[in-house]
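All remarks here apply to the structure that follows.
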Amino acid sequence: MIANNRINNQTIKKAVIFDCDGTLLDTYGLIMKCTRKTFEIVFPDYPASDELIESFFGPLLDDSFRKITSDEAKVQEAISVYRKLVIDLHPEMVRSYPGINELVKALKKTGTYLAIVSNKVSEVIHLGLSINGIDEYFDLVLGAEKLAKPKPNPDGIEQVCRIFGVNKILFVGDTKIDIDTAKAVKNRELLVKSVGVTWCKAKRTDFQKWGADYIIDKPDELIAVMEGFFNV
4 MIANNRINNQ TIKKAVIFDC DGTLLDTYGL IMKCTRKTFE IVFPDYPASD
54 ELIESFFGPL LDDSFRKITS DEAKVQEAIS VYRKLVIDLH PEMVRSYPGI
104 NELVKALKKT GTYLAIVSNK VSEVIHLGLS INGIDEYFDL VLGAEKLAKP
154 KPNPDGIEQV CRIFGVNKIL FVGDTKIDID TAKAVKNREL LVKSVGVTWC
204 KAKRTDFQKW GADYIIDKPD ELIAVMEGFF NV
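In my numbering, the protein residues as written are 4 to 235.
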């Protein structure tokens, strides 16, 4: 249960940025299935190992397929096939992680700005959030098409800071790319700390190796992180 606490002090402008896949929404099975099916359709002769399929988690979709082929027409075909599969299978396969719905609802009651920065397109992000009843709780969604450069470039974080008028941000994610994105902010007027989450694939030891500022094992543990970060 998420209790009332000091972050209810609304004199502080608080903003938390979340990654989407593997952080808010459990899309692991969806991505594995859709990526594998895309290879069967577009690259039937390419040896698509589990390791290769898992490499599609995090990076920009275009970049991932460009590692497979230099034929841009094939890249665009693969993206089109993949996105149709993803949209068609969303209602069946995409669920928010246990505790996420309660977390975002509680954070909104504290006046916290909530944003998403993802290398996935905004349309699909909104679809997953809507299916799980939490789309309305996010003030800003910056998908791939809204970023000058994809993560780990810090453009998304910097946009959020400008739009909300904040200079302290927590960036919550499940991959090395997310940790690197927080680290990439070089503007000395901004204080950005990364929060690694262990409920997808990465373990505590991974986040320690990657240099995450905080590591949490359950969504409600973010509350304690926020207490310390926003009230120092």
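C-beta atoms are modelled at their ideal positions from N, C-alpha and C, and glycine is treated no differently.
Of all C-beta pairs linking the stretch 153-163 to the stretch 72-84, fewer than three are shorter than 8 Å, placing the two stretches out of contact. For the pair aspartate 65 and glutamine 79, the Cα-to-Cα distance works out to about 8 Å.
The stretch 53-67 and the stretch 94-102 do not touch, with fewer than three beta-carbon pairs separated by less than 8 Å. Distances from the alpha-carbon of glycine 214 to those of Ser121, Tyr31 and Gly199 put Gly199 closest. Here valine 169 is not near tyrosine 140, since their CB atoms are 8 Å or more apart. DSSP places aspartate 65 within a helical segment (H, G or I) once states are collapsed to three. Shown here, aspartate 29 sits in a strand according to DSSP, grouped into three states.
For the pair valine 89 and leucine 145, the CB atoms are not nearer than the 8 Å cut-off. Rounded to whole angstroms, the gap between the alpha carbons of aspartate 48 and lysine 17 is 50 Å. In this structure, the beta-carbon distance from isoleucine 166 to threonine 184 does not fall below 8 Å.
Cysteine 37 is positioned such that its CB atom lies no closer than 8 Å to that of leucine 117. Straight-line measurement puts the Cα of cysteine 23 at about 17 Å from the Cα of lysine 196. DSSP, read as helix, strand or coil, puts isoleucine 71 in coil.
By the criterion of a C-beta distance shorter than 8 Å, lysine 111 is surrounded in its chain by Leu117 and Tyr140, once the five residues flanking it on both sides are discounted.
With a minimum length of 3 residues, the unbroken runs of beta strand (DSSP E) contained wholly in the stretch 163-213 fall at 171-176 and 194-200. Around the C-beta of proline 101, fewer than 16 other C-beta atoms lie within 10 Å, and the residue is accordingly described as exposed. For isoleucine 218, the enclosing beta strand (DSSP E) begins and ends at 217-219.
Of the residues Lys204, Glu148, Leu132 and Gly176, the one whose Cα lies closest to the Cα of aspartate 216 is Gly176. DSSP places phenylalanine 59 in the coil class of the three-state scheme, outside both helix and strand.
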